[in-house]
Amino acid sequence: MKNLTNKQIYKRIKNKRITGTVILFLVVAVIAWFAAYYSVKYFFRYIGDSKLAAGKNTAKTMGEIYDEGVEEKDDKIYDILDQFGLDYFLSDKDGKVVFSSGEVTVKGEPKEIELAMSSEKLMIYEDKSIDFLYVEDNVLRVSFTKVYSWMNKMGEEEADRLNEEMENGETTLDIPLWIVVPVNDGRYSLNVKTFIKLSERDVVIFAIIIIALAAFIFTLITIIFIRAISNIVRQRKITNYFFTNVVTGGKNWMWFHIKGEETLRRRKNAKNKYAVVNLSFINYRKYCLCHSVEAGEKLLFKINSVLSESINKKELSAHNNAAEFGLMLQYEDKDEITARIKELIGRLESIETGQKLAFQAGVAVIDVASYLERKQKDDSELIIEDEYNNACAARARLAESDESGVAFFDEKLVEEEKWLDSVQAFQDKAVKNEEFQVYYQPKYDPKTDELRGAEALIRWQSPELGFVSPGKFIPIFEKNGFITEIDHYMLSHVAKDQKRWLDQGYKCVPVSVNISRAHFVEEDLAEQIRDMVDAAGTPHEYIEIELTESAFFDDKKAMINTINKLKGYGFAVSMDDFGSGYSSLNSLKDMPLDVLKLDAEFFRGDQQGDRGAIVVSEAIRLAKSLNMRTVAEGVEVKEQVNFLAGEGCDMIQGYYYAKPMPGADYEERMRTGVKHVEDKTEEKPEEKAKEKTASV
Ligand code: C2E
Ligand code: CA
Ligand code: CA
Numbered sequence: 003m004k005n006l007t008n009k010q011i012y013k014r015i016k017n018k019r020i021t022g023t024v025i026l027f028l029v030v031a032v033i034a035w036f037a038a039y040y041s042v043k044y045f046f047r048y049i050g051d052s053k054l055a056a057g058k059n060t061a062k063t064m065g066e067i068y069d070e071g072v073e074e075k076d077d078k079i080y081d082i083l084d085q086f087g088l089d090y091f092l093s094d095k096d097g098k099v100v101f102s103s104g105e106v107t108v109k110g111e112p113k114e115i116e117l118a119m120s121s122e123k124l125m126i127y128e129d130k131s132i133d134f135l136y137v138e139d140n141v142l143r144v145s146f147t148k149v150y151s152w153m154n155k156m157g158e159e160e161a162d163r164l165n166e167e168m169e170n171g172e173t174t175l176d177i178p179l180w181i182v183v184p185v186n187d188g189r190y191s192l193n194v195k196t197f198i199k200l201s202e203r204d205v206v207i208f209a210i211i212i213i214a215l216a217a218f219i220f221t222l223i224t225i226i227f228i229r230a231i232s233n234i235v236r237q238r239k240i241t242n243y244f245f246t247n248v249v250t251g252g253k254n255w256m257w258f259h260i261k262g263e264e265t266l267r268r269r270k271n272a273k274n275k276y277a278v279v280n281l282s283f284i285n286y287r288k289y290c291l292c293h294s295v296e297a298g299e300k301l302l303f304k305i306n307s308v309l310s311e312s313i314n315k316k317e318l319s320a321h322n323n324a325a326e327f328g329l330m331l332q333y334e335d336k337d338e339i340t341a342r343i344k345e346l347i348g349r350l351e352s353i354e355t356g357q358k359l360a361f362q363a364g365v366a367v368i369d370v371a372s373y374l375e376r377k378q379k380d381d382s383e384l385i386i387e388d389e390y391n392n393a394c395a396a397r398a399r400l401a402e403s404d405e406s407g408v409a410f411f412d413e414k415l416v417e418e419e420k421w422l423d424s425v426q427a428f429q430d431k432a433v434k435n436e437e438f439q440v441y442y443q444p445k446y447d448p449k450t451d452e453l454r455g456a457e458a459l460i461r462w463q464s465p466e467l468g469f470v471s472p473g474k475f476i477p478i479f480e481k482n483g484f485i486t487e488i489d490h491y492m493l494s495h496v497a498k499d500q501k502r503w504l505d506q507g508y509k510c511v512p513v514s515v516n517i518s519r520a521h522f523v524e525e526d527l528a529e530q531i532r533d534m535v536d537a538a539g540t541p542h543e544y545i546e547i548e549l550t551e552s553a554f555f556d557d558k559k560a561m562i563n564t565i566n567k568l569k570g571y572g573f574a575v576s577m578d579d580f581g582s583g584y585s586s587l588n589s590l591k592d593m594p595l596d597v598l599k600l601d602a603e604f605f606r607g608d609q610q611g612d613r614g615a616i617v618v619s620e621a622i623r624l625a626k627s628l629n630m631r632t633v634a635e636g637v638e639v640k641e642q643v644n645f646l647a648g649e650g651c652d653m654i655q656g657y658y659y660a661k662p663m664p665g666a667d668y669e670e671r672m673r674t675g676v677k678h679v680e681d682k683t684e685e686k687p688e689e690k691a692k693e694k695t696a697s698v
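This is the structure:
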């Protein structure tokens with residue numbers, strides 16, 4: 003949600019400001035243009051009207067004189083008209099000249115013009131001698147370019163005269179124009195050649211007005227333009243600021259988000275694949291602790307620089323949070339991208355002289371085409387965030403190690419996370435409803451095939467998840483701490499079972515219960531165990547405690563203390579999974595244990611070889627020398643049993659004798675004293691397959 007809000011803010015900054023400025027600029031520019039255009043136009047028309055007025059009046063007067071003369075049949079009429087000193091001619095309705103005084107230099111047909119300042123209309127002829135004055139849309143217009151070429155064509159003499167006259171402030175330019183006056187009740191037209199007279203002052207005023215107007219418009223437009231530009235620059239700055247990460251000086255997460263989606267949305271990218279990478283500088287906090295936060299941030303700055311240099315124009319990199327960066331890289335195939343990220347990590351590792359840093363990367367691959375398809379369906383917006391999250395989830399798998407590495411996201415990971423989620427969701431309820439069951443796996447003496455002990459192993463019959471083997475939930479509980487609940491649950495159930503069987507007169511043997519290492523932080527663990535067993539009223543010799551080797555790592559002293567206390571209370575303590583990878587011999591040296599459980603790994607595959615046999619027999623010997631009993635785990639075949647019997651192994655716990663079984667079946671074994679019946683101890687069918695792959 004936060005991102006969308008940011009996005010909206012961004013959009014507001016981005017779009018509104020620019021479009022607003024641009025629109026304002028255009029509107030003002032257009033208004034200024036129109037205002038100038040129309041004011042100039044009407045000004046000139048006004049000037050034009052007033053310049054025409056004199057000629058118009060003369061022509062009218064001549065028309066009136068003509069009409070009077072015609073009425074009075076005055077032949078001298080033309081002499082009177084001649085006295086005006088103007089050329090004129092009389093034409094009939096068809097435009098045919100019926101009388102003329104002076105040269106008839108009209109051009110084309112008469113045209114009607116409207117005067118700007120009155121509703122009066124006027125008919126005129128253009129004159130042949132000039133071409134810059136013309137009528138268009140009932141308006142008398144001037145073509146400035148034509149004026150210019152007309153003046154150029156003017157003879158030298160004429161130009162000299164004009165110059166001289168202008169200097170004297172006299173009338174200068176006489177522009178001929180024929181004014182048409184209807185006479186004789188409209189039967190004829192009197193066409194009088196009048197002149198528009200332009201003085202030097204007129205020209206100067208025109209020029210000043212035009213220059214002033216041009217300057218005004220220019221200034222106006224320039225001011226608006228500068229404002230628009232500065233607005234855009236400011237907006238750019240704000241946008242940059244909005245997208246800058248204060249720590250790294252590079253791009254921030256918002257930018258990654260928006261640009262990333264922009265890249266994906268582009269149709270032309272549809273054939274491409276991209277990889278979203280979560281890159282983390284691990285132990286950042288430690289680094290800050292050893293140096294300073296400031297030094298840490300400087301390092302982030304450097305990392306960011308390396309990242310931005312390492313990507314191409316179509317790729318993105320940005321700081322996400324703390325010491326994590328997001329990358330969006332072009333993806334060809336897994337090998338290529340792995341090599342590229344490894345190379346990048348290699349460069350980052352040596353960014354600090356004299357210290358090797360570690361970086362981990364999680365990668366999620368996006369198929370742009372399928373994204374676009376998805377987007378069309380549900381308008382999904384948060385793809386980048388989702389993919390980045392997937393990349394983070396992939397990286398989280400590396401988090402247990404301090405080494406650099408690359409991990410890819412896949413659907414299996416989602417399944418695992420979902421599984422983790424549901425296991426955790428049901429864990430409390432499962433304890434409350436007793437969904438966990440205790441299975442017993444008997445331990446036999448290989449020489450006599452007699453029952454000597456058993457190990458309690460947990461099973462989960464979940465109404466929601468079905469039958470779940472411990473390999474699928476114990477590691478989860480070990481991580482989230484719920485394992486202590488489980489251990490208590492198992493211990494109290496086993497103690498109760500044993501007590502009941504003893505009361506019923508069974509020939510009971512010790513049952514071992516697994517206690518997880520997570521428990522050993524509790525100082526009073528031994529007391530807790532004792533109290534729980536005592537609560538059931540079970541004699542202590544019927545309960546054995548199994549500790550895994552890995553537990554011996556943490557706090558040795560506390561561990562030894564707890565073991566001693568347990569032994570003091572009369573519980574046997576065994577070392578589980580001996581030989582499965584930790585420093586076993588060392589632990590043996592320090593821990594006063596009763597039982598050594600040889601890990602099933604010894605009996606897997608091709609261990610029949612001489613070397614395997616030597617290790618097993620020596621381990622048994624070693625245990626004997628330390629006064630410990632031995633249990634061989636995971637023994638499945640008769641040859642192994644015979645071998646172990648020969649070597650003096652005390653007990654065997656394995657499928658050869660029995661699989662883990664429900665309490666009732668185990669009870670049956672105790673009752674009948676069954677020694678060993680192959681394959682009679684079936685667990686639930688759905689578990690069969692799982693048992694085969696159970697981890698030890
Ligand atoms: P573990 O404590 O080493 O238990 C022995 C495992 O080996 C059991 O797996 C058992 O079924 C299996 N196993 C025994 N004999 C054979 C054999 O001949 N062949 C094969 N392939 N497997 C054999 P299970 O019951 O699945 O338990 C797995 C692990 O889960 C246990 O390893 C133990 O670490 C843990 N676990 C089981 N129950 C509990 C419990 O109640 N509390 C705690 N803390 N951990 C438990
Ligand atoms: Ca065990
Ligand atoms: Ca074991």
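Under my numbering, the residues of the sequence shown are numbered 3 to 698, in order. Using N, Cα and C, we set each Cβ at its ideal position, and we do this for glycine too.
Per DSSP, what are the beta-bridge partners of residue i in this structure?
i: residue 181; result: 126 and 194
i: residue 321; result: 327
i: residue 549; result: 517 and 577
i: residue 25; result: None; residue 25 has no bridge partner.
i: residue 438; result: 462
i: residue 600; result: 580 and 634
i: residue 443; result: 457
i: residue 472; result: According to DSSP, which records beta bridges pairwise, residue 472 is partnered with nothing at all.
i: residue 136; result: 143
i: residue 176; result: 199
i: residue 448; result: DSSP, once it has assigned bridges, lists no residue as partnering residue 448.
i: residue 663; result: 442
i: residue 655; result: 635
i: residue 332; result: 276
Of all the options the options, which has the alpha carbon lying nearest to the alpha carbon of residue i?
i: residue 570; options: 581, 542 and 613; result: 542
i: residue 176; options: 231, 160, 190 and 138; result: 160
i: residue 478; options: 511, 447 and 420; result: 420
i: residue 397; options: 327, 426, 113 and 314; result: 327
i: residue 387; options: 258, 528 and 115; result: 258
i: residue 146; options: 100, 140, 208 and 186; result: 208
i: residue 632; options: 545, 661, 580 and 605; result: 580
i: residue 87; options: 302, 463 and 195; result: 195
i: residue 143; options: 324, 114, 182 and 90; result: 114
i: residue 395; options: 481, 282, 432 and 464; result: 282
i: residue 509; options: 500, 465 and 126; result: 500
i: residue 107; options: 23, 64, 63 and 193; result: 193
i: residue 643; options: 618, 441 and 667; result: 618
i: residue 378; options: 576, 269 and 260; result: 269
i: residue 1; options: 451, 486 and 441; result: Nothing about residue 1 can be reported from this structure: the residues present for the chain run from 3 to 698 only.
i: residue 123; options: 139, 346 and 463; result: 139
i: residue 260; options: 454, 288 and 317; result: 317
i: residue 246; options: 321, 308, 198 and 232; result: 321
Stretch-stretch touch, CB-based, cutoff 8 angstroms, three pairs: the segment 588 to 596 with the segment 612 to 630: Touching, per the Cβ criterion.
Contact the segment 367 to 377 vs the segment 240 to 255: 3+ CB pairs below 8 angstroms: No: fewer than three Cβ pairs fall under 8 angstroms.
Alpha helix (DSSP H) runs wholly inside the segment 83 to 125, at least 4 long, in chain order: Within the segment 83 to 125, there are no complete alpha helix (DSSP H) runs of at least 4 residues.
Length-filtered (4 minimum) alpha helix (DSSP H) runs lying within the segment 226 to 310: Here the runs fully enclosed are 255 to 267 and 286 to 292.
Minimum length 3: unbroken beta strand (DSSP E) runs contained in the segment 336 to 422: DSSP runs (the beta strand (DSSP E)) wholly in the segment 336 to 422: 361 to 369 and 407 to 410.
Environment of ligand 2 in chain order, Cβ to heavy atom below 5 angstroms: Cβ atoms closer than 5 angstroms to ligand 2 belong to 516, 548 and 578.
At least three beta-carbon pairs within less than 8 angstroms, the segment 268 to 286 to the segment 396 to 414: They touch, by the three-pair rule.
Three-pair Cβ contact test at 8 angstroms for the segment 73 to 83 versus the segment 149 to 158: Taking a cut-off of 8 angstroms on C-beta distances, the segment 73 to 83 does not touch the segment 149 to 158, as fewer than three cross pairs fall below it.
Contact the segment 646 to 660 vs the segment 614 to 624: 3+ CB pairs below 8 angstroms: Result yes; three or more Cβ-Cβ pairs closer than 8 angstroms.
Three or more C-beta pairs below 8 angstroms linking the segment 38 to 55 and the segment 69 to 77: In short, these stretches do not touch, since the Cβ pair count stays below three.
Runs of beta strand (DSSP E) lying entirely within the segment 27 to 56, each at least 3 residues, in chain order: Runs of the beta strand (DSSP E) inside the segment 27 to 56: none found.
Cβ contact check for the segment 656 to 669 and the segment 634 to 642: 3 or more pairs under 8 angstroms: Segments in contact, yes.
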